[in-house]
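Numbering (the numbering used here), first residue to last: 388 to 697. Where a beta carbon is used, it is the ideal one built from N, C-alpha and C, also for glycine. Accompanying notes for the structure given below.
What follows is the structure in structure tokens.
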């Protein structure tokens, strides 16, 4: 055996030996996990079901549209049931797990019309609230906020059915694509609009009313996570009532924090206490400091501010 082969063999043996430490990350056959790639594929198929004229398979012929959508729905039913069943096979027989998974999947798919009705309000809100939007088609095709909201609304239905893991895989996939992190447990009303989006965080126990608009960088979070698992089931995130607008980089924290209806939260505000209805919250302008400096590559010019006035 060549020296390099011997070294490779030693490395392999060391790694295999490391799996015997009985840590959480060492488990190999604890139970069968859902396949993340299949869940992502299910999301893409659900997008075609929610928006049949926008994300349809180009290989499908128009005159077979309803037939193709029927097959697509059945395909989602099959794959989603199989992935859900994997989770329950740790406590149920394979047959029992599949029966439970099929029942959950049917219940979920029966909610699709209601989900689509909510998404229609989100589309309308995006168009009405963004003067840069030129058409509904542009919003559906290109707005990351709408994509994140759509995936959230689908994942939320599975969350309500107490399906473990899969709802979080779905919203974290949307997070990875858009930079918008919406926990599937959050409760969000109709006509929800996310403008721009990256950096937004909406925690698990957040409650958002109707006709709420938020901008990039907004955090609807908890005051502290030091309690860890002891905080499970406790309302840790704020409540945002109807017709509230929250501008960029604002942070609203705490389970007891309520932002009253028709309020406006200014950019970069930091809020840990409730805000009455019909209130505008702003921060004072930060003081700007200007100092002259010598720049060899620039022509020395009079500053546009008066240093004597500082």
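Taking the alpha helix (DSSP H) that residue i falls in, what are its first and last residues?
i, result
"residue 528", "523-529"
"residue 436", "423-437"
"residue 401", "390-405"
"residue 412", "Looking at the DSSP string, residue 412 is not in any alpha helix (DSSP H), and its letter there is neither H nor E."
"residue 512", "499-516"
"residue 561", "553-565"
So, for residue i: in the same chain, excluding its five sequence neighbours on each side, which residues have a beta-carbon less than 6 angstroms away from its beta-carbon?
i, result
"residue 697", "Residue placement at residue 697 is poorly supported in this model, since its pLDDT is 48, which falls under 50; the coordinates are not used for a value here."
"residue 652", "633, 637 and 668"
CB-CB under 7 angstroms to residue i, same chain, minus the five flanking residues each way: which ones, in chain order?
i, result
"residue 660", "644"
"residue 654", "634, 635, 636 and 637"
"residue 389", "none"
"residue 526", "510, 513, 514, 520 and 533"
Could you pull out every residue in the same chain whose Cβ sits closer than 8 angstroms to the Cβ of residue i, ignoring the five residues on either side in sequence?
i, result
"residue 436", "456, 459, 460, 463 and 499"
"residue 629", "576, 596, 597, 598, 599, 648 and 649"
"residue 516", "580, 582 and 600"
Since I believe residue j is in contact with residue i (beta carbons under 8 angstroms), could you give me their beta-carbon distance rounded to a whole number of angstroms?
i, j, result
"residue 587", "residue 603", "6 angstroms"
"residue 566", "residue 585", "3 angstroms"
"residue 561", "residue 546", "Not confirmed; about 14 angstroms, so no contact."
"residue 573", "residue 595", "7 angstroms"
"residue 548", "residue 491", "5 angstroms"
"residue 426", "residue 569", "With a Cβ gap of about 16 angstroms, residue 426 and residue 569 do not count as contacting."
"residue 452", "residue 502", "20 angstroms between Cβ atoms; not a contact."
"residue 479", "residue 487", "7 angstroms"
"residue 592", "residue 622", "5 angstroms"
On a CA-only basis, which of the options is nearest residue i? Give me that one, please.
i, options, result
"residue 467", "391, 535, 489 and 632", "489"
"residue 579", "570, 599 and 571", "599"
"residue 507", "533, 482 and 496", "533"
"residue 542", "527, 640 and 496", "496"
"residue 577", "612, 627, 521 and 487", "627"
"residue 666", "474, 658 and 673", "658"
"residue 470", "421, 505, 593 and 528", "421"
"residue 423", "398, 406, 474 and 401", "474"
"residue 631", "439, 664, 392 and 409", "664"
How is the beta strand (DSSP E) around residue i delimited, first residue to last?
i, result
"residue 477", "That residue, residue 477, is in no beta strand (DSSP E); it is neither H nor E in DSSP."
"residue 384", "Lying before the first or after the last residue shown, residue 384 is absent from the chain, which here runs from 388 to 697."
Ranges of the beta strand (DSSP E) found wholly within the stretch 567-631, counting only runs of at least 3:
580-582, 600-602 and 606-608
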